[in-house]
């Protein structure tokens, strides 16, 4: 009954151990699944945030806000200017009004305070000045009549006028030509300076573009290196997982071996318990000898299985394998010696009597118990040592996996950061290329437009000059024709009637 309880308890322990192993495996699997789920969410969010649609919508909103702010600022500045202008105008108007009032009040007060005699004298002086003015005007008219009636002066005046008109015309043409030359020279210098500035700007843009391209290439190279490291970490992780799987399988084999040995021991005890307490010591000795040989053979099979599993382990180095071989050879030699001893005992049992068998049974029973305890201790030490080694390796494996996971996360973060930098550089590079292309096209269009405008202006200027020359020639010819056929006295008298000279 005690053996039955022991067997049930042992089975329960095995079930609990199996459940614990499954729970650990499930917990590890859940941790890995959660890790990849979290990084999938982060990757999707990162893709959404770095997409062109998100950037365009954000940039359009920013441009609208900037434009609204500029409009508000311009409106405020315009209102301030209008208010300042209105204030200045009102102030100027008030000052002008005050000056006007002071002037009117001052002149009126002077006239009111002057005596009558002074006013009369002032009136006489004004009349005298007016009389002198009339005299001078009459003298001037007489002088002009005399001057106009002199043929020599009239011819000289006509020649001087014609010469002056021609000289003015020549000077005007020279001045226009000189002005045009200066304008063309200024435009050439301006175009040359603009061309130099554009060339410098293009050189700076090219240098900046080359620099950005070099930075982008360096970042891509670093990214490839990080990706290679990441692949190496993933490969190492897979190797550690495979090693963990082999270690768990080996530990499972050791657990199965322990369970098998315990079941054999339990079966043996049940068998001994069920046997009838007989006095046939010779039979009991033979049966016990056979059972001991069977146990030795079973232990040898177990050791062979353990040795085969350990020697097939690829992670073990040559020194460790050699040490395991030596240990297995030593244990097998001990088991072999025990087996040879039991065979000798079995042969000796054929030549003993009852009393001798009884005495030998009592002696051998104690010795068998000691030998069995020694074998159990030896097997437990071997299996315990192997289990400890496997546990240590599993712990090292798990620590290495955790370290690799942390390094992988760090590499992923670094890769994502470098990917962001590369995208920024590519965006800036594309923007620079687009701006450079747009500027070049704008410069070409502006140059074409300026050339077209210059050509049109030149044609219009030539046409205008030709028309002005023609009009001037016609006008001069008409005026000369009038001067030839119109008497000079009539022109002079009409001019005198229109002009009033004050000396």
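Numbering (my numbering), first residue to last: 1152 to 1654.
Beta carbons are placed, not taken as given, at the ideal position from N, Cα and C, and that holds for glycine.
None of the values given here were measured: they were computed from a predicted structure.
{"Query": "Let me know the secondary structure DSSP gives residue 1112 once reduced to three states.", "Result": "Outside the displayed span of the chain (1152 to 1654) sits residue 1112, for which this structure offers no information."}
{"Query": "Compare the beta carbon distance of residue 1362 and residue 1573 with 9 Å and say whether it is the shorter of the two.", "Result": "no"}
{"Query": "Considering only the beta carbon of each residue, do residue 1541 and residue 1401 sit closer than 9 Å?", "Result": "yes"}
{"Query": "Taking all protein chains shown into account, do 16 or more other C-beta atoms lie within 10 angstroms of the C-beta of residue 1275, making it buried, or fewer, making it exposed?", "Result": "exposed"}
{"Query": "Hey, is the region 1376 to 1394 in contact with the region 1559 to 1574, meaning 3+ C-beta pairs nearer than 8 Å?", "Result": "yes"}
{"Query": "To the nearest angstrom, how far is the alpha carbon of residue 1327 from that of residue 1321?", "Result": "10 Å"}
{"Query": "Express the C-alpha separation of residue 1576 and residue 1366 in angstroms, rounding to a whole number.", "Result": "8 Å"}
{"Query": "Can you have a look at residue 1233 and say buried or exposed, based on whether 16 or more other CB atoms are within 10 angstroms of its CB?", "Result": "exposed"}
{"Query": "What's the gap between the Cα of residue 1163 and the Cα of residue 1170?", "Result": "10 Å"}
{"Query": "DSSP three-state call for residue 1428: helix, strand or coil?", "Result": "Because the pLDDT of residue 1428 is 41, which lies under 50, any placement of that residue in the model is unreliable, and the number read from its coordinates should be weighed accordingly. Here residue 1428 sits in coil by DSSP."}
{"Query": "Evaluate contact between the region 1482 to 1490 and the region 1523 to 1535, counting only Cβ atoms and requiring at least three cross-stretch pairs below 8 Å.", "Result": "yes"}
{"Query": "Using a 10 Å radius around the Cβ and a threshold of 16 neighbouring Cβ atoms, would you call residue 1544 buried or exposed?", "Result": "buried"}
{"Query": "Thinking residue 1570 and residue 1374 are a contact (beta carbons under 8 Å), I'd like their distance in whole angstroms, please.", "Result": "7 Å"}
{"Query": "According to DSSP, is residue 1301 part of a helix, a strand, or is it coil?", "Result": "coil"}
{"Query": "Check this for me: beta carbons of residue 1612 and residue 1331, under 9 Å apart or not?", "Result": "yes"}
{"Query": "Determine the burial state of residue 1178: buried for a count of at least 16 other Cβ atoms within 10 Å of its Cβ, exposed for fewer.", "Result": "exposed"}
{"Query": "Determine the contact status of residue 1580 and residue 1360, defining contact as a CB-CB distance below 9 Å.", "Result": "yes"}
{"Query": "Return the Cβ separation of residue 1552 and residue 1391 in integer angstroms, given the expectation that the two are a contact with Cβ distance under 8 Å.", "Result": "5 Å"}
{"Query": "Of the residues 1530, 1325, 1395, 1622, which one's Cα is nearest the Cα of residue 1446?", "Result": "1530"}
{"Query": "Report the residue from 1546, 1609, 1351 whose alpha carbon sits nearest the alpha carbon of residue 1334.", "Result": "1609"}
{"Query": "Check the C-beta distance from residue 1304 over to residue 1298 and give it rounded, since I have them as a contact under 8 Å.", "Result": "6 Å"}
{"Query": "Quick check on this structure: which residue in 1395, 1452, 1281 has the alpha carbon closest to the alpha carbon of residue 1550?", "Result": "1395"}
{"Query": "Whole angstroms are fine: how far does the CA of residue 1566 sit from the CA of residue 1376?", "Result": "10 Å"}
{"Query": "Which value, in whole angstroms, describes the spacing of the CA atoms of residue 1160 and residue 1174?", "Result": "21 Å"}
{"Query": "Excluding five sequence neighbours on each side, which residues of the same chain lie with their C-beta closer than 6 Å to the C-beta of residue 1598?", "Result": "none"}
{"Query": "Contact check, residue 1356 vs residue 1180 under 8 Å by CB: the rounded distance?", "Result": "Not confirmed; about 55 Å, so no contact."}
{"Query": "Keeping to the same chain, check which residues put their C-beta closer than 7 Å to that of residue 1547; ignore five residues upstream and five downstream.", "Result": "none"}
{"Query": "When the distance is taken between beta carbons, is residue 1410 closer than 9 Å to residue 1165?", "Result": "yes"}
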